[in-house]
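From first to last, the protein sequence lines stand for chains A and B. Residue numbers in the first sequence follow the numbering used here, run continuously in steps of one, and reach 925 at the last position. Residue numbers in the second sequence follow the numbering used here, run continuously in steps of one, and reach 1584 at the last position. The beta-carbon is built from N, C-alpha and C at its ideal position, and this holds for glycine as well. This structure is a prediction, so every number in the text was calculated from the model and none was measured. Written below as structure tokens is the structure these notes are about.
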Amino acid sequence: GENVEQHPSTLSVQEGDSAVIKCTYSDSASNYFPWYKQELGKRPQLIIDIRSNVGEKKDQRIAVTLNKTAKHFSLHITETQPEDSAVYFCAARIFGNEKLTFGTGTRLTIIP
Amino acid sequence: DAGITQSPRHKVTETGTPVTLRCHQTENHRYMYWYRQDPGHGLRLIHYSYGVKDTDKGEVSDGYSVSRSKTEDFLLTLESATSSQTSVYFCAISSEVLNQPQHFGDGTRLSIL
């Protein structure tokens, strides 16, 4: 089955700076990679996703990049704000399989 | 927000008692999932369903059973709860359209004493 590793487990960034979270996956048949944000005591919410036919996707201050050769994908948050503080999870899905495999999460803290 | 309701939202029970958690959706989505979330482990799949009466195991299915008698309802049962099953449980749904995301319910915090 798929295995997803996520780094770092914790990340502190000065407000206004950029944050990068990286994930690697094991199965080259994976073709869908969502990112979720979870605020304290809340449910995980999808913030951006990417499919394997593209290398990069942006949505305002958030971007995701995918390197299929190296089997890793990254979340980039620019101009960080206090409300970006949360736990972020990456995930991967193998083509034809409806199950997601999640990384273990990154706790991002934005320092005012 | 996706129409997903989990009940109860909080529950405290004793070891050895049966517990049933309910997930109800109003989106008519084909796929439904149960996850548990524990510190350091992220979200781990317990069971999932790909249609009425069609279910399959996830990576941490021991000690859990599920049922789906209607499209909108997916039940998770702990037949005899143990303290190791203390966790936050999330239900998620997704449509049958290729490569669509999963959307999560608000979770159930379950404590087994």
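Selection from the options that minimises the alpha carbon distance to residue i
| i | options | result |
| --- | --- | --- |
| Gly1534/B | Pro1489/B, Ile1475/B, Arg1501/B and Asp1509/B | Pro1489/B |
| Gln1508/B | Thr1579/B, Gln1477/B, Ser1558/B and Thr1476/B | Ser1558/B |
| Gln1496/B | Ile1583/B, Arg1539/B and Thr1548/B | Arg1539/B |
| Phe886/A | Ile907/A, Tyr838/A and Ile860/A | Tyr838/A |
| Ser841/A | Val817/A, Ile860/A and Leu888/A | Val817/A |
| Ala1656/B | Leu1492/B, Ala1563/B, Asp1577/B and Val1523/B | Absent from the structure is residue 1656/B, since the part of chain B shown begins at 1472 and ends at 1584. |
| Leu1584/B | Gln1556/B, Glu1550/B and Thr1542/B | Gln1556/B |
| Ser1536/B | Gln1571/B, Val1568/B, Leu1516/B and Asp1577/B | Leu1516/B |
| Arg1501/B | Lys1541/B, Leu1547/B and Gly1529/B | Lys1541/B |
| Ser865/A | Ile907/A, Gly916/A and Gly814/A | Ile907/A |
| Gly1522/B | Gln1477/B, Gly1578/B, Ile1564/B and Pro1510/B | Ile1564/B |
| Gly814/A | Glu911/A, Ile924/A and Ile863/A | Glu911/A |
| Leu1546/B | His1574/B, Gln1571/B, Glu1567/B and Tyr1519/B | Tyr1519/B |
| Ser1532/B | Asp1544/B, Thr1579/B, Leu1549/B and Lys1524/B | Leu1549/B |
Residue i in three-state terms, based on DSSP
| i | result |
| --- | --- |
| Glu896/A | helix |
| Gln1556/B | helix |
| Gln1496/B | strand |
| Pro1489/B | coil |
| Pro857/A | coil |
| Thr1484/B | strand |
| Glu818/A | strand |
| Thr837/A | strand |
| Gln1571/B | coil |
| Arg920/A | strand |
| Ser865/A | coil |
| Ala883/A | coil |
| Pro925/A | coil |
| Leu913/A | coil |
| Phe908/A | coil |
Chain A contact residues for residue i, given Cβ-Cβ distances below 7 Å
| i | result |
| --- | --- |
| Ser1540/B | Ordered by position in chain A, no residue passes the 7 Å Cβ test against Ser1540/B, which lies about 20 Å from the chain. |
| Phe1575/B | Arg856 and Pro857 |
Under 7 Å from the C-beta of residue i: neighbouring residues of chain B
| i | result |
| --- | --- |
| Asp862/A | Pro1572 |
| Phe915/A | Gly1513 and Leu1514 |
| Phe902/A | Gly1513 and Leu1514 |
| Tyr845/A | Asn1570 |
Residues that residue i contacts on chain A, provided the C-beta gap is smaller than 8 Å
| i | result |
| --- | --- |
| Phe1545/B | Within 8 Å Cβ-Cβ: nothing; Phe1545/B doesn't reach chain A, min ~14 Å. |
| Ser1582/B | By Cβ distance, chain A contributes nothing, its closest Cβ being about 15 Å from Ser1582/B, past 8 Å. |
| Gly1487/B | Going along chain A, no residue has its Cβ under 8 Å from Gly1487/B, so there is no contact; the nearest lies around 29 Å. |
Within chain B, the residues that residue i reaches when beta carbons sit closer than 8 Å
| i | result |
| --- | --- |
| Gly918/A | Gly1513 |
| Glu911/A | Tyr1502, Tyr1519, Tyr1521 and Ser1565 |
Proximal residues of chain A, C-beta to C-beta of residue i below 9 Å
| i | result |
| --- | --- |
| Gly1474/B | Chain A residues near Gly1474/B: none, gap ~13 Å exceeds 9 Å. |
| Gly1534/B | What Gly1534/B touches in chain A: nothing, since even the nearest Cβ is about 19 Å away. |
If contact is defined by three or more beta carbon pairs under 8 Å, each pair taking one atom from either stretch, is the segment 912-925 of chain A in contact with the segment 896-904 of chain A? yes
Are the segment 1484-1498 of chain B and the segment 871-885 of chain A in contact at 8 Å, needing three or more beta carbon pairs? no
Ignoring anything shorter than 3 residues or poking outside the segment 1508-1553 of chain B, list the beta strand (DSSP E) runs there in chain order. 1513-1522, 1525-1528, 1535-1541 and 1544-1549
Three or more C-beta pairs closer than 8 Å, one from the segment 888-896 of chain A and one from the segment 825-835 of chain A: is that the case here? yes
Does the count of Cβ pairs from the segment 817-826 of chain A and the segment 853-862 of chain A closer than 8 Å reach three? no
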